[in-house]
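Inspection log for the structure reproduced underneath, given as structure tokens.
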Amino acid sequence: MLSSRGQSVLISGLHSVAELLEPRIVSTRLKMDNKKRLAYAIIRFLHDQLRHGGLSSDAQESLEVAIQCLETAFGVTVEDHDLALPQTLPEIFEAAAMGKEMPQHGDPERTPPSEEDSAEAERLKTEGNEQMKVENFEAAVHFYGKAIELNPANAVYFCNRAAAYSKLGNYAGAVQDCERAICIDPAYSKAYGRMGLALSSLSKHTEAVVYYKKALELDPDNETYKSNLRIAELKLREAPSPTGGAGSFDIAGLLNNPGFMSMASNLMNNPQVQQLMSGMISGGHNPLGTPGSSPSQNDLASLIQAGQQFAQQMQQQNPELIEQLRSQIRSRTPSASNDDQQE
């Protein structure tokens, strides 16, 4: 655990480092406090070390304290994705150690990769796409990362890796890669769409709406973006229901629907259903057959037939209710149909 003096020294040192590195981390997208951006980059790096650093329990505890100190001192948390830089902290440090100026993604004066590096990066990207097809998402992340090392100014590589991160449930990583893709190519619609998906998965629906709208500005005929925008807007309007949270049916609404209750009453008056329910109440294992025997195929078929009759009756008498239920199912999960296609 860091002492109070140690925390003060750490914070003071970080302020000094921020002043030293400020010229290297100027944002090309948003005019924000560079010290906060640096603090966010450090916090992000420390979080990565906690997950993948293979540290001892004491070292992990020390890092957690350091993260808390940074968050308190700079008013920043790891969830503040809008503070993400185009480069990671290790990339910034490596460039500084080698005495190089950090290239800004999308800078026309940046030295382009050689033909050999470009070709190898494309090969690695293609291999990443193949790994996505067989759902080997960790390998896909690896290959996209190698492609980025060879050509860090290609927005497609970052966007594809964002899709792989989302498949792994690393939505924060997906957000960061989408931000980098947008920095490189502000007119890349798929980066905005994938950003919306990642933010939706983080329950950041307000931000997701903004990115879906931008994706639609760039690709106005994309049905997936339209659908996902409607879903995000619906999530914003939804209030928690006492009968079920997001993703659940509105049971109270169904029970208050006269058409539904009338059809349910007709179903319960069906002799086959009454016999089934009577057997269940009496504790029999085979209410439609002989006591103690296993259910026959005819018994199950009768039950299925009764359910089908109920569904058909609902469709005939109240098609609006059926469509409402179908829409409710479709509206719960954002679609990634064309988003799954890698470039």
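Numbering-wise (UniProt numbering), the sequence shown opens with residue 1 and increments by one.
For each residue, glycine too, the CB sits at the ideal point set by N, CA and C.
By how many angstroms is the C-alpha of Tyr165 removed from the C-alpha of Lys125? 15 Å
What number of angstroms, rounded off, separates the C-alpha of Ile231 from the C-alpha of Asp58? Using only the alpha carbons, I get a separation of about 44 Å.
Does the Cβ-Cβ distance between Lys190 and Cys159 come in under 7 Å? yes
Please confirm whether Ala41 and Leu89 have their CB atoms less than 7 Å apart. yes
What's the call for Gln176, buried or exposed, on a 16-neighbour Cβ count within 10 Å? buried
Just to confirm my understanding: we take Tyr171, look at its own chain, exclude 5 residues before and 5 after, and list those with CB closer than 6 Å. What are they? Ala198, Ser201 and Leu202
Quick check on this structure: which residue in Ile67, Ala73 and Gly193 has the alpha carbon closest to the alpha carbon of Asp219? Gly193
With H, G and I counted as helix, E and B as strand and the rest as coil, what does DSSP make of Thr111? Of the three classes helix, strand and coil, the one that applies to Thr111 here is coil, per DSSP.
For Tyr225 versus Leu216, is the C-beta distance shorter than 7 Å? yes
In angstroms with no decimal places, state the Cα-to-Cα distance between His47 and Ala147. Cα-Cα distance, rounded: 24 Å.
Asn160, DSSP secondary structure in three states: helix
Grab me the residues of Val76's own chain with a C-beta within less than 8 Å of its C-beta, minus the 5 sequence neighbours each way, in chain order. Lys36, Ala39, Tyr40, Ile43, Leu70 and Leu83
Within a Cβ cutoff of 6 Å, which residues of the same chain sit near Tyr144, ignoring the five residues on either side of it in sequence? Gly128, Tyr157, Asn160 and Arg161
Neighbourhood of Ala155 by C-beta, 7 Å cutoff - its chain only, sequence neighbours within 5 removed: Ala181, Ile184, Asp185, Tyr188 and Ala191
What are the start and end residues of the alpha helix (DSSP H) that includes Gln176? Tyr171 to Ile184
Pairwise C-alpha distance: Lys214 and Lys204: So the alpha carbons of these two residues sit roughly 16 Å apart.
Using alpha carbons as the reference points, say which of Glu223, Tyr212 and Glu135 lies closest to residue 344. The question about residue 344 has no answer, for the chain in this structure spans 1 to 343.
Do you know offhand how far Phe45's Cα is from Ser118's? 28 Å
If you run the structure through DSSP and keep just helix, strand and coil, what is Asn34? Note: Asn34 maps to helix in three-state DSSP.
Rounded to whole angstroms, what's the CA-CA distance from Glu343 to Gly173? Just pull it up for me. If you draw a straight line from the Cα of Glu343 to the Cα of Gly173, it is about 19 Å long.
Between the beta-carbon of Leu150 and the beta-carbon of Glu120, is there less than 7 Å? yes
Whole-angstrom Cβ separation of Leu236 and Val209, contact assumed at under 8 Å? 7 Å
Beta-carbon contacts of Gln131 that lie in its chain and below 6 Å, excluding the five residues immediately before and after: Ala139 and Ala140
In whole angstroms, what separates the C-alpha of Glu64 from that of Asn222? 43 Å
Reduced DSSP category for Gly75 - H, G, I as helix; E, B as strand; rest coil: coil
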